[in-house]
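Under the working numbering, the first residue of the sequence shown is numbered 23, with each subsequent residue one higher.
The beta carbon of each residue, even a glycine, is placed where N, CA and C say it ideally should be.
Step one of this worksheet: look at the structure below.
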Amino acid sequence: MSHKIPFREHGQGPILILLHGYGGSVMQWDGVVERLRDSYRVVVPNLSHLYMSQNRLLFPMIIEHVGNFIEANFPGERVSVAGMSFGGMVAWGLALQRPALVDRLVLLNPLVPHPVNHFRRPELRYFFVLPMSVKSVLRTFETPIGEAFLKTAVEIFRPDREMAGPLARLKGRKLAFVADLVAHFAWILRSEDWKFWEKRLEQNQASTLMIWSQDDPLFTEDSYRDFAMLSRAGQALTWAAGGHILSRSKPDEVAIAISEFLRLSKAA
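Written out as C-alpha cells, the structure is:
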C-alpha cells in the first residue's frame, strides 16, 4: 500500500528535509523554517498519517516510504535531512537504509536503539514494555500511573504548557485517539530488531551532526553520548537546556547550528 505524504516547501537553494517526531507536527519546525528559508529549499513532510497508518508499518517500512517520497519529489538529488525525536530515528534509519539519498544528517534529541530501555521516566517504560491493546491503554489512563504518563507525555512531546490541563481532562473519542497513538507507537518500538540497527549504525557514512539537551526528560545525556559515538557523528553539540523538542524551545540556535554544519561540511 502506497502512502501519499503531503509536505510544505519554503525557499530556494540546497534541499533540506525536516522530519518531525511521532505525535508531533510540521508546525514544530516553523521557527526553524523561518530562519533557513532564505538559504535553503526547506521541505517539511507531514508524517502523521504515515506514522499512524491503519495498516501498521514497522520501522523499516516507514523509512522506505520516506525514501520513496524523496525519490519521487526530488529525483536524482542527494539531500540533507534533519530529524528530531522519532523523526531523528527515521532520519538515521534513512541514512543507513537509503545512503544514496542522504548527503548530510542532523539529529536533534533522536530516539536511540532499544529506546524503551533508555527512557528516564518509569511511567513511560510501563506503557511501552508491556503489550497492551488500545482498550487496555484506555483503562490504564484512569489509574494514577496513567495520569502520570499523560502529564509526562505532554511535558516531553508537546511542550506548550497550556496543553497540560486539557490533555489531562480528555475523555471519549479524544482520549481513545491518544490511547491508539500510544498503543501504535509501543507496537513499533517493541517490534523492531534493535541489535540489527546497532550494527548498521557502526557503518554510517553520512556526515552527521548530533545535538542533545542535558535536561531532556526522555533520555539521559549518557544515552545520547553513547549513541553519538555509535553512529559515528562527526560533530556533536550539547546544550544545557531546551527540553526534548529543541525546534520549539531553541529555533534560533537550531537554525544556526544546522546552517553552520551544512556550510562547513560542504566546504570540507
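For residue i: DSSP bridge partner residues
i: F81; result: Note: F81 sits in no beta bridge, so no partner.
i: R126; result: S102, S229
i: W261; result: S235
i: R63; result: I37
i: H32; result: V64
Residue i (DSSP reduced to helix, strand or coil)
i: L284; result: helix
i: I27; result: coil
i: S47; result: coil
i: I37; result: strand
i: S158; result: helix
i: R183; result: Low confidence applies to R183: its pLDDT is 49, below 50, so where it sits in the model is not reliable, and the reading given next is rough at best. Of the three classes helix, strand and coil, the one that applies to R183 here is helix, per DSSP.
i: V134; result: coil
i: P153; result: coil
i: A277; result: helix
i: K272; result: coil
i: A201; result: helix
Neighbourhood of residue i by C-beta, 7 Å cutoff - its chain only, sequence neighbours within 5 removed
i: H32; result: V55, R59, V64
i: G256; result: S229, T230
i: M185; result: Only weak support is given to the placement of M185: the predicted model assigns it a pLDDT of 48, under 50, and the value that follows is read from those uncertain coordinates. These residues qualify, in order along the chain: V176.
i: R147; result: V138, F141
i: W216; result: P135, H136
i: F96; result: I37
Classification of residue i by the beta-carbon crowding that lies within 10 angstroms, buried from 16 upward
i: H71; result: exposed
i: P135; result: buried
i: M251; result: exposed
i: S235; result: buried
i: A94; result: exposed
i: R285; result: exposed
i: N226; result: buried
i: G98; result: exposed
i: L16; result: One cannot answer for residue 16 here, as it falls past the ends of the chain, which runs 23 to 290.
i: G194; result: exposed
i: V276; result: buried
i: R78; result: exposed
i: P144; result: exposed
i: P166; result: exposed
i: F218; result: exposed
i: P67; result: buried
Sequence-distant residues of the same chain with beta carbon closer than 8 Å to residue i, five excluded per side
i: A228; result: A117, P121, V124, D125, R126, L127
i: S213; result: L80, F81
i: L160; result: L197, A198, A201
Nearest residue (CA-CA) to residue i, options the options
i: V103; options: L41, H266, P137, M49; result: L41
i: A175; options: F91, D238, L69; result: D238
i: E164; options: E275, A201, I267; result: A201
i: K288; options: H25, I27, I37; result: I37
i: G35; options: G43, D52, S61; result: S61
i: L80; options: I39, I210, Q50, V112; result: I210
i: G89; options: A277, S213, I39; result: I39
i: I267; options: D52, M106, H206, N77; result: M106
i: P273; options: F241, A113, L130, F29; result: L130
i: S271; options: W114, I27, W51; result: W51
Same chain only: Cβ atoms within 6 Å of residue i, ignoring 5 sequence neighbours per side
i: R222; result: L118
i: H87; result: H25, L72
i: R100; result: D125
i: F249; result: V134
i: G109; result: L41, H42, G43
i: L240; result: I178, H266
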